[in-house]
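Student: Chains as they are written, first to last, in the numbering used here: chain A, 1 to 104; chain B, 1 to 104; chain C, 1 to 104; chain D, 1 to 104.
All residues carry an ideal CB built from backbone N, CA and C; glycine is no exception.
Because the structure is a prediction, the values reported are computed rather than measured.
Quick one: the structure is below, questions incoming.
There are 4 protein chains.
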Amino acid sequence: MAVVDVTVVPIGTGTTSLSPFVAACQRELQQHGEGLKYELTAMGTIIEGDLDLILAVIRRLHEVPFNHGAKRVSTVIRIDDRRNKTGSITQKIKSVEARLKGEG
Amino acid sequence: MAVVDVTVVPIGTGTTSLSPFVAACQRELQQHGEGLKYELTAMGTIIEGDLDLILAVIRRLHEVPFNHGAKRVSTVIRIDDRRNKTGSITQKIKSVEARLKGEG
Amino acid sequence: MAVVDVTVVPIGTGTTSLSPFVAACQRELQQHGEGLKYELTAMGTIIEGDLDLILAVIRRLHEVPFNHGAKRVSTVIRIDDRRNKTGSITQKIKSVEARLKGEG
Amino acid sequence: MAVVDVTVVPIGTGTTSLSPFVAACQRELQQHGEGLKYELTAMGTIIEGDLDLILAVIRRLHEVPFNHGAKRVSTVIRIDDRRNKTGSITQKIKSVEARLKGEG
């Protein structure tokens with residue numbers, strides 16, 4: 001299981017507002033993100049699950065701005081893939097919080 | 001005001017566990033992040049505030065793994081800086097959620 | 001045609017030297033990068049070509065450190081996909097250089 | 001000495017062409033990048049040198065699109081900082097090439 005962060009940004013659309021594109025990406029995730037857990041952040045979307053499923057849905061997200069008229073899209077994907085332990089979104093944050101409390 | 005995402009990763013430490021380093025970075029933020037709002041995610045830390053203050057504290061975060069014995073550090077910083085509207089962490093997410101509801 | 005930058009970094013391998021992993025990724029590209037143009041930089045590899053072919057080979061590159069014993073891998077992918085003009089590696093750089101000369 | 005990759009992208013400018021902005025960033029580097037070595041790639045600029053000098057010039061690069069009318073700028077910075085060995089742009093690439101030849 002991997003945890004992946006993705007940001008899809010249209011270039012040259014003439015508007016500084018990205019929320020319509022981000023909302024369209026969220027709807028795409030709702031429709032095609034079966035089996036995945038995802039979370040919207042202020043800087044992108046964090047997705048947890050099988051890496052191949054995640055990359056398949058990210059491929060769809062990258063098309064979203066083109067489907068809404070963009071001619072150039074910049075997408076940044078960061079994969080954190082750990083195979084000696086289950087690294088879920090929840091576990092990763094809990095793990096840090098436990099250390100912060102323990103050493104408070 | 002900018003919103004910035006930062007991930008600081010030590011290379012070659014011999015352990016796949018990063019939580020001790022992430023926790024140390026969180027403590028650094030608690031001590032030196034005055035005037036900034038920040039939020040831990042599964043993929044890094046999102047910081048909101050004055051860009052120069054943010055970059056100064058990120059400079060400190062980048063040193064944290066070295067202070068804990070690392071010899072090589074990989075840091076990724078993504079800056080989203082919007083100057084025609086206040087782009088806070090909360091506002092950015094609300095803006096997308098409002099669109100999702102409106103078009104539900 | 002897209003231009004994509006990829007960096008694949010093993011976490012927790014106990015060595016700060018990444019060149020064995022980078023070399024293994026280059027060999028993977030030589031064997032499975034048919035139809036693609038690629039270029040090693042000091043910070044990763046830039047690949048040009050059909051986006052689906054690029055993503056398929058990047059999926060392979062991400063496995064390389066695991067095949068060499070790593071238990072955790074951090075991969076960063078940046079896609080620049082422009083559809084109203086051919087955006088090759090060469091053309092992108094020439095385009096900037098032409099402007100620099102013109103305005104020198 | 002660190003090696004850093006930076007990409008500065010204006011959002012909402014109404015044009016998919018980024019070369020005017022990239023050229024303006026290159027001129028900024030020519031004027032304010034003393035003591036640094038830098039190299040334009042198809043995906044950004046790679047800078048080598050003292051980390052604080054690099055971050056200071058990147059702070060300037062981030063302003064360039066705003067000075068040319070942009071209202072929102074997305075900047076991605078990736079720092080590779082190795083302190084047990086000099087990690088220059090040239091040395092990093094040579095190191096991989098030596099391995100590729102040796103194992104050819």
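Report the option in Asp81/B, Gln26/B, Thr90/B whose CA atom is closest to the CA atom of Leu61/D.
Tutor: Within the fourth sequence, the letter at position 61 stands for residue 61/D. Selected option, being the one with the closest Cα: Asp81/B.
Student: Pull up the distance between the alpha-carbon of Lys101/C and that of Asp5/C, whole angstroms please.
Tutor: Your numbering for residue 101/C matches position 101 in the third sequence. Your numbering for residue 5/C matches position 5 in the third sequence. Computed Cα separation, rounded: 26 Å.
Student: Cβ closer than 9 Å: which chain B residues qualify as neighbours of Ile46/A?
Tutor: The count along the first sequence starts at 1 and reaches residue 46/A at position 46. Within chain B, the residues near Ile46/A are Thr41, Ala42, Met43.
Student: Please report the straight-line C-alpha distance between Gly104/C and Cys25/D, rounded to a whole angstrom.
Tutor: The count along the third sequence starts at 1 and reaches residue 104/C at position 104. The count along the fourth sequence starts at 1 and reaches residue 25/D at position 25. The pLDDT assigned to Gly104/C is 48, lower than 50, so where the model puts this residue is not dependable; a value taken from the coordinates is nonetheless given after this. Answer to the nearest angstrom: the Cα atoms are 13 Å apart.
Student: Using a beta-carbon distance below 9 Å, is Asn67/C in contact with chain A?
Tutor: Numbered from its first residue, the third sequence carries residue 67/C at position 67. False, the Cβ-Cβ gap to chain A never drops below 9 Å.
Student: What residues in the region 11-22 of chain C have a beta carbon less than 8 Å from any beta carbon of chain B?
Tutor: Flagged, chain order: Ile11, Gly12, Thr13, Gly14, Thr15, Thr16, Ser17, Leu18.
Student: Residue ranges of each beta strand (DSSP E) run of no fewer than 3 residues wholly in the region 19-90 of chain C, ordered along the chain?
Tutor: Listed in chain order, they are 37-41, 44-49, 72-82.
Student: Please classify Thr90/C: is it buried, with 16 or more other beta-carbons within 10 angstroms of its beta-carbon, or exposed?
Tutor: Here residue 90/C is taken as the residue at index 90 of the third sequence, counted from 1. With fewer than 16 Cβ atoms within 10 Å of its Cβ, Thr90/C is classed as exposed.
Student: Out of curiosity, what's the CA-to-CA distance linking Lys37/B and Pro20/B?
Tutor: For the purposes of this step, residue 37/B is taken as residue 37 along the second sequence, with counting starting at 1. For the purposes of this step, residue 20/B is taken as residue 20 along the second sequence, with counting starting at 1. Cα-Cα distance, rounded: 22 Å.
Student: Where Val3/B and Ile54/A are concerned, what is the direct C-alpha to C-alpha distance, given to the nearest angstrom?
Tutor: The sequence position of residue 3/B within the second sequence is 3, counting from 1. The sequence position of residue 54/A within the first sequence is 54, counting from 1. Distance between the alpha carbons of Val3/B and Ile54/A is about 25 Å.
Student: Using the beta-carbon count (16 or more within 10 Å), is Ala42/C buried or exposed?
Tutor: Taking the third sequence and counting its residues from 1, one reaches residue 42/C at position 42. Buried: at least 16 other Cβ atoms inside 10 Å.
Student: With 9 Å set as the bound, which would you pick, yes or no: does the beta-carbon of Lys101/B sit closer than that to a beta-carbon of chain D?
Tutor: Along the second sequence, read from residue 1 onward, the residue named residue 101/B stands at position 101. Not closer than 9 Å to any Cβ of chain D, the Cβ of Lys101/B fails to qualify, so no.
Student: Run through chain C and tell me which residues come within less than 8 Å of Arg27/A, C-beta to C-beta.
Tutor: Within the first sequence, residue 27/A is the residue found at index 27, counting from 1. Those do not exist, as Arg27/A stays about 21 Å from chain C at its closest Cβ, beyond 8 Å.
Student: What does the alpha-carbon distance come out to for the pair Asp50/A and Met1/A?
Tutor: For the purposes of this step, residue 50/A is identified with residue 50 of the first sequence, where counting begins at 1. For the purposes of this step, residue 1/A is identified with residue 1 of the first sequence, where counting begins at 1. Taking the straight line joining both Cα atoms gives about 5 Å.
Student: Can you say whether Gly12/C is buried or exposed, counting buried as having 16 or more other CB atoms within 10 angstroms of its CB?
Tutor: On the third sequence, residue 12/C is found 12 positions in, with the first residue counted as 1. Burial call: buried.
Student: Smallest Cα separation from Val57/C: which of Lys85/C, Ile77/C, Lys92/C, Thr15/C?
Tutor: Along the third sequence, read from residue 1 onward, the residue named residue 57/C stands at position 57. Comparing Cα-Cα distances from Val57/C to each of Lys85/C, Ile77/C, Lys92/C, Thr15/C, the minimum goes to Ile77/C.
Student: Give the single residue among Thr45/B, Gly87/B, Gly35/B whose Cα lies nearest to the Cα of Arg106/D.
Tutor: It is not possible to answer for residue 106/D, since the shown part of chain D is limited to 1 through 104.
Student: Which residues in chain F have a C-beta closer than 7 Å to the C-beta of Arg82/B? List them in chain order.
Tutor: Absent from the structure is chain F; the protein chains it does hold are A, B, C and D.
Student: So, is the C-beta of Val76/D closer than 9 Å to a C-beta in chain A?
Tutor: Numbered from 1 along the fourth sequence, position 76 holds the residue referred to as residue 76/D. Yes, its Cβ sits closer than 9 Å to a Cβ of chain A.
Student: May I have the straight-line CA-CA distance separating His68/A from Asn84/B, to the nearest angstrom?
Tutor: Here residue 68/A is taken as the residue at index 68 of the first sequence, counted from 1. Here residue 84/B is taken as the residue at index 84 of the second sequence, counted from 1. Roughly 23 Å separates the two Cα atoms.
Student: Hey, Gly14/C and Gly14/B are a contact pair by Cβ (cut 8 Å); roughly how many whole angstroms apart?
Tutor: Here the question's residue 14/C lines up with position 14 in the third sequence. Here the question's residue 14/B lines up with position 14 in the second sequence. About 4 Å; that satisfies the 8 Å criterion.
Student: Using three-state DSSP, classify Ala98/A as helix, strand or coil.
Tutor: Along the first sequence, read from residue 1 onward, the residue named residue 98/A stands at position 98. Note: Ala98/A maps to helix in three-state DSSP.
Student: Is there a C-beta anywhere in chain D that falls below 9 Å from the one on Val64/A?
Tutor: What you label residue 64/A is simply residue 64 of the first sequence in a count that begins at 1. Output row for Val64/A: interface = no.
Student: Would you list the residues sitting across from Ile11/C in a DSSP beta bridge?
Tutor: To locate residue 11/C, count along the third sequence from 1; it is residue 11. In DSSP, Ile11/C forms a bridge with Arg72/C.
Student: Once the 5 residues before and after Phe66/C are set aside, which same chain residues still bring their CB inside 7 Å of it?
Tutor: Working through the third sequence from its first residue, we reach residue 66/C at position 66. The answer, listed in chain order, is Val73.
Student: With C-beta atoms as the reference, is Leu40/B less than 9 Å away from Ile93/A?
Tutor: Start at 1 with the first residue of the second sequence, and residue 40/B comes out as number 40. Start at 1 with the first residue of the first sequence, and residue 93/A comes out as number 93. Cβ atoms of Leu40/B and Ile93/A: closer than 9 Å.
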